[in-house]
Amino acid sequence: MNIKNIALSIVLASSTATGIAQTTADSPMSRAVMSVYDKMIEENPADYETLFARGSEYYNQDDYIKALDDINSALRYAPENAKDLRFGAYRLRAAINERQHRFNDAYNDINSALAIFSESPACIQQRANIEFELGKYSDAKYDYNRLLGRYPRNQEALFGLARVAVKENNIGLANDYADRAVEMMPYAADSYIRRAGVRSMMDNAEGAVDDYIIALTTDDASNSRALGALVALADKNYPAVMNGLSRAIRQAPRVGMFYYIRAAIAEAHHNYTSAISDYDKILNDKLYSYAGLNSSLAKCFYALGQYDTALANADYAISATSDNAPYYALKADILIALGEYSEALANAERALQKDPSSKAAFQAKANAQIALGNPAEASVTLAEALLADPSDPQLLVNRAWLCETKLNQPDLARNLYERAAADNDPANVKSLKGFALYRLGKENEADSWFTSLLNNENDNDGLINYYAACYYAEKGSLEKAADCMEKSLEKGYANYHNWVDCNGPVTVAALRDTPRFKGYISRFSPIFNR
Numbered sequence: 010m011n012i013k014n015i016a017l018s019i020v021l022a023s024s025t026a027t028g029i030a031q032t033t034a035d036s037p038m039s040r041a042v043m044s045v046y047d048k049m050i051e052e053n054p055a056d057y058e059t060l061f062a063r064g065s066e067y068y069n070q071d072d073y074i075k076a077l078d079d080i081n082s083a084l085r086y087a088p089e090n091a092k093d094l095r096f097g098a099y100r101l102r103a104a105i106n107e108r109q110h111r112f113n114d115a116y117n118d119i120n121s122a123l124a125i126f127s128e129s130p131a132c133i134q135q136r137a138n139i140e141f142e143l144g145k146y147s148d149a150k151y152d153y154n155r156l157l158g159r160y161p162r163n164q165e166a167l168f169g170l171a172r173v174a175v176k177e178n179n180i181g182l183a184n185d186y187a188d189r190a191v192e193m194m195p196y197a198a199d200s201y202i203r204r205a206g207v208r209s210m211m212d213n214a215e216g217a218v219d220d221y222i223i224a225l226t227t228d229d230a231s232n233s234r235a236l237g238a239l240v241a242l243a244d245k246n247y248p249a250v251m252n253g254l255s256r257a258i259r260q261a262p263r264v265g266m267f268y269y270i271r272a273a274i275a276e277a278h279h280n281y282t283s284a285i286s287d288y289d290k291i292l293n294d295k296l297y298s299y300a301g302l303n304s305s306l307a308k309c310f311y312a313l314g315q316y317d318t319a320l321a322n323a324d325y326a327i328s329a330t331s332d333n334a335p336y337y338a339l340k341a342d343i344l345i346a347l348g349e350y351s352e353a354l355a356n357a358e359r360a361l362q363k364d365p366s367s368k369a370a371f372q373a374k375a376n377a378q379i380a381l382g383n384p385a386e387a388s389v390t391l392a393e394a395l396l397a398d399p400s401d402p403q404l405l406v407n408r409a410w411l412c413e414t415k416l417n418q419p420d421l422a423r424n425l426y427e428r429a430a431a432d433n434d435p436a437n438v439k440s441l442k443g444f445a446l447y448r449l450g451k452e453n454e455a456d457s458w459f460t461s462l463l464n465n466e467n468d469n470d471g472l473i474n475y476y477a478a479c480y481y482a483e484k485g486s487l488e489k490a491a492d493c494m495e496k497s498l499e500k501g502y503a504n505y506h507n508w509v510d511c512n513g514p515v516t517v518a519a520l521r522d523t524p525r526f527k528g529y530i531s532r533f534s535p536i537f538n539r
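Now the structure itself:
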């Protein structure tokens, strides 16, 4: 896996498999097949074979509602003697219910399938997985052992038994099962990804990181899943991931991939000085050459408030490739920070010419228009961006703030804030829900939202406390804002631009003239490389 592919994959999340194979199928061939199915079912709505086939295709496309509707119809019309079809339909419906975390329904369906073909190994395996999810560990263990007895090299059964052993607090046995499973397919990335999952269940984060790193080194299409899992684990246990990557670098100091992953994760967690060190290492030692490396450096220097250096890197990234729309958008942000608003607008427009759907370019263009004294034009720009992504919280709150503070459009502002406040993910501080609630006059709800985040979520990089500092500063609760600022900086939130220079709807601007703010910026200057 080269660094360019890593850059494209770095935000992927790991996924889990059910007992039914699944692929995304949205191609001209798939659409043509679906068109034929539609016509056949229109001619005969009780055509259970075609209903089952179309339901399977919907499942492959992740359209579980339509898949379930077709499978239910297929089972309703299929005669009892159509055993093969009914067996497949029950298995598929069980898989759909698994995907939707309706494990009791899945359990009933898989038992119906086993009532038709009781010795199906795939079905036994699927039932064992469902039993595990239901907490029926003894039943799951029985089915996994039954499978292993018939197929001694069944890796799924061994990993299943390892998971059960963890739940039974038999860690030694769990490790034995997981190690045996890996030994069966030692060259497959998935073996290490799955053992990492078992180790994560044991709270052995360091061991999980080592497995994900081994998976990354395999020549296997699954290694992108290892990268996604590693990134996700860093959100929960950043030190373990960084320690594991450092161990890998000590063992293989000329492998640019490890430096890049460590840098990208550090950057994502606002540790810009560490990220810069690794990006520079890759370039200076000629471990890899890729325009995105200079773009990443530009982002880091921009966050640290070192705008001239950021601009030089953005210009290099632009010159190094024709696929440079995001680099023009980044350059626009940097130019705004430098006060070059007209030039920033030109670069944002250049980015949009190359990529008309770029959120970053729309946002940069709007910011440049605001800085040039054209808030009405900025509102139109943000409205265009919202056409592509109507629920994006940053765009909603930014346009609402613009309508509220600069355009005297309170009704439109309220509508936009209400859309932002409708977000249903209480654990995501980037949803900006608390800010929207506060500006809708729902201060108690906003307070509760932030209190819940601060008390219940793992703020391992200081981002939650940064947003809380912005919120309390806006409310005028400056001491509370300063408390959150201190905690954020202690956790390593090193975005100097956001702390010192950023203006707009979410900012600590009201805190900046206070002695505590100035003292903290001075005290924590090392994390800003100052």
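Residues in the sequence shown are numbered consecutively from 10, following my numbering.
Just so it is clear, CB atoms sit at the ideal spot from N, CA and C, and this is done for glycine as well.
Keep in mind the model is a prediction, meaning the values are calculated, not measured.
Please classify residue i: is it buried, with 16 or more other beta-carbons within 10 angstroms of its beta-carbon, or exposed?
i	result
H545	For residue 545 there is no data in the structure shown, the boundaries of the chain being 10 and 539.
M38	exposed
T227	buried
D367	Position check: residue 367 holds Ser in this sequence, whereas Asp was assumed. It counts as buried.
K439	exposed
K374	buried
R85	exposed
Y46	buried
R539	exposed
A431	exposed
L254	buried
S304	buried
Quick one: what's got a C-beta closer than 6 angstroms to residue i's C-beta in the same chain, skipping five residues either side?
i	result
S200	V191 and M194
A243	V250 and I274
Y359	For the record, residue 359 in the displayed sequence is Arg; it is not Tyr. Y337, listed in sequence order.
A329	A300
P2	One cannot answer for residue 2 here, as it falls past the ends of the chain, which runs 10 to 539.
T282	N538
I258	F267
Can you round the beta-carbon distance between residue i and residue j to whole angstroms, since I take them to be within the 8 angstroms contact cut?
i	j	result
L441	P402	5 angstroms
L463	A482	Between A482 and L463 the Cβ distance is about 15 angstroms, and since that is not below 8 angstroms, they are no contact.
L313	Y288	Not a contact, Cβ separation roughly 13 angstroms.
A346	Y316	5 angstroms
I291	Y268	5 angstroms
A122	F96	5 angstroms
L101	G64	7 angstroms
C412	A422	4 angstroms
If I measure Cβ to Cβ from residue i and keep anything under 8 angstroms in the same chain, skipping five residues before and after, which residues do I get?
i	result
A543	No statement about residue 543 is possible, as the shown extent of the chain runs from 10 to 539 and does not include it.
L143	F112, N113 and Y116
W458	P435, K442, G443 and L446
I180	A174 and M211
From what residue to what residue does the alpha helix (DSSP H) around residue i run?
i	result
W458	E452 to N465
A149	Y146 to R159
A394	P384 to A397
A83	Y73 to Y86
A171	Q164 to K176
L411	P402 to T414
Is the separation between the beta-carbon of residue i and that of residue j shorter than 8 angstroms?
i	j	result
E66	M43	yes
M377	L404	The question names Met, yet the displayed sequence has Ala at residue 377. The answer is no: Cβ separation not under 8 angstroms.
A370	A357	yes
A166	V175	no
A187	A198	no
A321	Y311	no
I125	K92	yes
H279	Y529	no
G265	Y297	yes
N469	K500	yes
L302	A323	no
I202	A238	yes
L472	M494	no
C309	I285	yes
N437	Y475	no
T516	L487	no
Tell me which same chain residues have a C-beta within less than 7 angstroms of the C-beta of residue i, skipping the five on either side of it?
i	result
K489	Y481
Q31	Reliability fails at Q31, whose pLDDT of 49 lies under 50, so the model's placement of it is uncertain and the value that follows must be treated cautiously. Within the same chain, Q31 has close Cβ partners Y68 and N69.
G28	Low per-residue confidence applies at G28: pLDDT is 44, beneath 50, and the placement is therefore not dependable enough to give any value.
Q260	none
Less than 7 angstroms between the CB of residue i and some heavy atom of the ligand SAH, yes or no?
i	result
L60	In the structure shown, the ligand SAH is absent, as is every other ligand, since no ligand is present at all.
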